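Residue numbers (the numbering used here), protein chains in the order written: chain A, 35 to 585; chain B, 35 to 585.
By construction, the Cβ of each residue, glycine as well, lies at the ideal position given by its N, Cα and C atoms.
Note that this is a predicted model, so its numbers are computed, not measured.
Report on the structure given below.
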């Protein structure tokens with residue numbers, strides 16, 4: 035075995051001399067799933083995948099419907115044959131032929147939500163009584179030009195095996211694609227929708243089979259891809275920060291605490307009279323924000339971000355809150371001048387949100403399956419491509435709100451009041467807007483105190499219809515100032531927050547603290563906003579809220 | 035306000051008619067950080083970033099050292115001027131000139147770890163006594179051809195501002211790049227290394243400033259990028275699964291339990307005699323694996339993966355275990371034939387690991403900063419680019435081990451024994467190897483029972499030097515079989531695991547369960563293996579293990 039160790043001397047020559055064998059440079063095993071790809075060839079190979087040039091090769095053993103649907107059929111001669119694994123969304127039996135609308139989870143193009151498999155002759159006879167919506171099948175099929183409308187390809191079934199039975203009578207959710215041009219009344223539709231949403235929530239474990247929910251899941255992947263690409267282009271490094279933390283970052287108190295199940299506090303005293311903790315009597319909480327740890331990491335990397343779960347033990351069951359949610363948090367070294375630095379940080383936030391939207395609206399086949407309102411999407415597309423978003427101070431926002439005669443504002447707001455959700459949405463009525471420099475009184479200790487001593491250098495990004503989407507600030511880098519600010523927390527603090535946070539307040543400031551700032555964005559909120567979904571509980575498959583925990 | 039709802043009818047026309055304004059198609063605001071980019075232009079723009087064509091434009095206000103170092107200097111005329119924020123790694127004062135080795139967290143190319151800033155005249159006079167390693171500065175500099183060795187560019191300081199003081203006397207970690215050609219004895223080096231590692235762990239909040247640790251953090255980002263690209267090329271969708279779960283997936287018992295801090299069990303009874311839980315008296319645990327939830331989601335999406343934190347309340351303080359770690363878990367619908375399906379799943383695992391390695395070895399400037407052993411990297415590069423990895427059954431592995439005369443195997447292993455770490459490393463002595471079809475006795479209930487009734491269709495990926503890196507299996511899809519298997523757990527189970535998991539064991543199997551399989555990979559282990567780092571505690575900035583929780 036090699037003697038290995040954490041630190042080594044630089045040996046400059048050998049790095050240059052590492053040669054990457056040619057297998058890596060050309061995609062020699064182009065058919066195999068394990069083919070190693072160099073970055074340039076990775077890119078080339080992916081675009082060839084995207085254009086569907088060789089679907090059978092990609093997944094040698096099982097073909098995906100997406101690739102079959104995209105494949106050009108030969109004008110004559112042998113049609114290609116494929117082995118597929120799928121499930122049936124609906125069955126239509128006729129005298130001589132049975133049509134199965136099938137899915138395999140791969141995303142079809144355009145409006146198409148299923149492919150049609152055609153069953154005739156002895157296979158039809160053998161299986162007809164057995165077939166039902168939801169059943170899982172392995173099929174060998176030939177792709178053929180379809181005579182039906184709205185599809186180019188249909189699949190002629192040559193071999194068939196039932197791989198997973200179904201109980202169609204009790205199947206809890208609807209599998210059929212929603213038929214178009216349905217002329218039910220708006221009221222009836224609303225009732226149906228509410229019913230569907232409720233049923234999907236109760237059956238979270240089956241929810242990914244719903245076409246709209248699966249489109250939301252794909253949207254999240256695409257959206258996060260847009261965010262990742264943007265951060266990479268701006269030299270941000272993606273890092274991980276701990277979920278288990280020693281202190282409650284904001285002092286808000288709505289935290290979860292964690293103990294090993296075998297060390298769980300019980301009324302029965304252990305023999306030695308002392309209850310031992312996995313954490314040796316320190317306390318462990320679930321993180322409410324990665325910020326403090328991320329700031330520490332950013333001092334070394336310059337620009338860093340995390341995408342991690344965060345937790346709030348909040349009781350309120352609103353459309354915008356989850357006990358477990360994902361936060362995108364970015365942090366960067368900034369200019370010393372606070373107004374310049376605010377521009378640097380808010381520009382990154384704007385870039386993140388714009389690129390998240392753009393990544394999604396480029397995928398028109400996704401938009402079809404989200405099947406949402408045209409108007410909502412067009413609005414959001416405009417925000418992503420239109421002019422730079424507005425920035426106003428809290429003080430100006432209060433002034434604007436106080437002239438504004440709106441029946442919804444019962445009394446004009448005063449400087450120092452916090453903004454209501456309604457007021458936030460009013461400020462963002464024409465597009466996303468940053469509101470900056472809020473009064474310091476209610477704000478956390480780590481925010482940079484402005485020269486006026488009354489406000490802190492923070493911002494919220496407010497967006498139409500939703501309100502607050504992102505919050506962020508410059509960070510206080512002056513040791514004396516931050517120590518004074520944390521006292522206000524420590525006074526109510528019996529657990530010695532200020533001691534626990536000395537690594538953050540003292541050490542980071544003692545050892546060359548570059549000016550810096552950052553933000554946090556609730557991923558589920560962004561996803562709900564982009565997909566035009568009312569509740570964050572419906573953009574995540576297994577949402578966690580106060581109350582009995584299922585699944 | 036728009037009336038919005040979760041489900042909508044498809045309106046096919048409008049999606050096609052969404053037009054993306056031209057601002058999106060060309061990078062019209064090419065200088066701005068918020069410039070929206072379409073996917074093709076995103077790619078073009080990134081490659082122009084990578085080649086460093088317009089570093090000043092990318093970050094208008096603050097330039098990154100990485101871009102300055104890559105910029106071509108004009109052969110005559112005005113040299114470009116930059117504003118930068120940085121910290122000082124070392125100071126060399128001479129009579130007429132002071133040299134500062136500076137970093138800003140951006141990764142320099144090749145071997146270069148710092149840029150040299152040159153201070154003369156009145157600025158030198160004013161600041162010389164003040165400058166120390168660790169101090170944070172904002173500078174205005176001009177880039178000039180360097181006269182020094184090993185660098186093309188140096189920075190002439192024109193303006194200077196101290197933005198963060200430092201206490202050089204107590205600075206807890208070493209900031210200077212390790213000098214080359216250091217001729218200390220091997221023994222002395224080992225002592226220094228151990229000392230450095232220990233100091234970095236104690237000062238986790240400062241650790242990202244260490245050059246090797248920051249290179250590990252970057253490697254993780256790059257490695258995860260390779261994994262993400264590979265999964266995307268294979269039609270896997272990245273999804274999220276819950277961290278908070280209602281049951282302990284594997285029945286192993288080493289779980290953490292979670293309660294809201296305000297509902298924490300105390301010896302003082304509340305007035306109504308009952309202690310209320312945030313979870314309404316259900317129990318919440320931290321996930322040990324996303325697998326069960328991921329399987330549910332995969333039934334709808336066909337192929338899905340997660341990259342999420344997972345938790346084990348393990349007491350063992352080894353180099354390979356953390357209480358909090360990140361797991362990469364993939365799941366896919368497979369062929370019905372188990373031997374074909376095993377090939378499908380292990381091929382994906384092999385593709386993931388190969389592409390993770392390839393993404394890293396393409397970044398030679400990273401390898402320089404990791405400054406590890408040439409031999410270890412070359413070995414790993416060979417695994418990524420060489421021939422398909424071997425697959426053998428557990429039964430064959432036992433046979434091979436029993437012929438093998440090795441002093442380390444005290445007694446020949448018998449069929450049914452589990453493999454020791456030493457035996458695993460011996461099996462993987464020539465390269466990564468999959469060992470498949472282990473005896474069913476000790477394996478979890480969800481693994482597919484093979485036709486021999488003695489083994490299950492599972493696999494471990496063993497890699498040289500480390501041993502087990504990935505574990506996976508096909509999943510049992512037969513309702514009766516899985517119910518019998520879970521009984522063996524339920525017998526010792528007082529909490530009704532089988533009831534809590536009915537959604538998984540019964541529902542998923544009742545409603546069209548496609549054959550499927552998947553795997554889990556410990557991200558920190560992979561990172562430690564690729565970066566040739568002894569302990570997983572040193573590849574993550576804030577590691578969590580049993581004992582007092584700091585930070």
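One or two residues paired with residue i in a DSSP bridge
i              : result
residue 127(B) : 132(B)
residue 534(A) : Residue 534(A) pairs with nothing; no bridge assigned.
residue 570(A) : The partner list for residue 570(A) (beta bridge, DSSP) is empty, contrary to what the question assumes.
residue 483(B) : 490(B)
residue 117(B) : 174(B)
residue 150(B) : 135(B), 188(B)
residue 194(A) : 173(A)
residue 367(B) : 550(B)
residue 360(B) : 343(B)
residue 467(B) : 424(B), 496(B)
residue 473(B) : 489(B)
Contacts of residue i in chain B (Cβ-Cβ under 8 Å)
i              : result
residue 169(A) : 546
residue 460(A) : Within chain B, no residue comes near residue 460(A); the closest Cβ sits about 11 Å away, beyond 8 Å.
Buried or exposed (CB count within 10 angstroms, at least 16 for buried), residue i
i              : result
residue 76(B)  : Reliability of the predicted coordinates at residue 76(B) is poor, the pLDDT of 41 falling under 50, and no value is obtained from them.
residue 101(A) : buried
residue 225(A) : exposed
residue 58(A)  : Annotation note: pLDDT 40 at residue 58(A) (below 50); position unreliable, no value reported.
residue 85(B)  : Residue confidence for residue 85(B) is low, a pLDDT of 34 falling below 50, so the modelled location carries little weight and cannot support an answer.
residue 158(B) : buried
residue 471(A) : buried
residue 366(B) : buried
residue 521(B) : exposed
residue 36(A)  : For residue 36(A), the predicted model reports a pLDDT of 36, less than 50, meaning its position is unreliable; a value from the coordinates is still stated below. Exposed, because fewer than 16 other Cβ atoms sit within 10 Å of the Cβ of residue 36(A).
residue 485(A) : exposed
residue 313(B) : buried
residue 437(B) : exposed
residue 177(A) : buried
residue 423(B) : buried
residue 317(A) : buried
residue 373(A) : exposed
Interface residues of chain B facing residue i [CB-CB closer than 9 Å]
i              : result
residue 330(A) : 238, 239, 240, 241, 242, 575, 576, 585
residue 205(A) : 544, 545, 546
residue 310(A) : Here the premise fails: no neighbours, minimum Cβ distance about 11 Å.
residue 275(A) : 575, 576
Cross-chain neighbours of residue i in chain A, by beta carbon under 8 Å
i              : result
residue 298(B) : 291, 299
Proximal chain B residues relative to residue i, where beta-carbon distance stays under 7 Å
i              : result
residue 201(A) : 544, 545
residue 370(A) : 172, 195, 197
Under 7 Å from the C-beta of residue i: neighbouring residues of chain A
i              : result
residue 248(B) : 334, 335
Report yes or no: do the segment 378–394 of chain B and the segment 512–520 of chain B share at least 3 C-beta pairs separated by less than 8 Å? no
Any residues in the segment 494–519 of chain B with a beta carbon nearer than 7 Å to a beta carbon of chain A? Which ones, in chain order? 499, 511
Cβ contact (3+ pairs, closer than 8 Å) linking the segment 273–281 of chain A and the segment 257–265 of chain B: no
Is there contact between the segment 490–504 of chain A and the segment 462–478 of chain A, where contact requires at least three CB pairs shorter than 8 Å? yes
Note down, in chain order, all residues in the segment 139–170 of chain B with a beta-carbon under 7 Å from any beta-carbon belonging to chain A. 139, 140, 145, 168, 169, 170
Is it the case that the segment 194–202 of chain B contacts the segment 157–171 of chain B, given that we only count it when at least three CB pairs across the two stretches are under 8 Å? The segment 157–171 of chain B is in contact with the segment 194–202 of chain B.
Could you check whether the segment 306–324 of chain A touches the segment 343–356 of chain A, counting it as contact only if at least three pairs of C-beta atoms, one from each stretch, sit closer than 8 Å? yes
Cβ pair count under 8 Å reaching 3, the segment 355–365 of chain A against the segment 542–560 of chain A: yes
Any chance the segment 165–173 of chain A sits against the segment 541–548 of chain B, with 3 or more Cβ pairs inside 8 Å? yes
Three CB pairs or more closer than 8 Å across the segment 125–137 of chain B and the segment 556–566 of chain A: Contact fails: fewer than three Cβ-Cβ distances are below 8 Å.
Residues of the segment 350–383 of chain B with a CB closer than 8 Å to any CB of chain A: list them in chain order, please. Flagged, chain order: 357, 358, 360, 367, 368, 369, 370, 374, 377, 378, 381, 382.
Could you name the residues of the segment 468–483 of chain A whose beta carbon sits closer than 8 Å to any beta carbon of chain B, in the order they occur along the chain? none
Okay, do the segment 136–153 of chain A and the segment 408–424 of chain A touch, 3+ Cβ pairs below 8 Å being the bar? no
Could you tell me whether the segment 225–237 of chain A touches the segment 566–584 of chain B, where touching means 3 or more Cβ pairs closer than 8 Å? no
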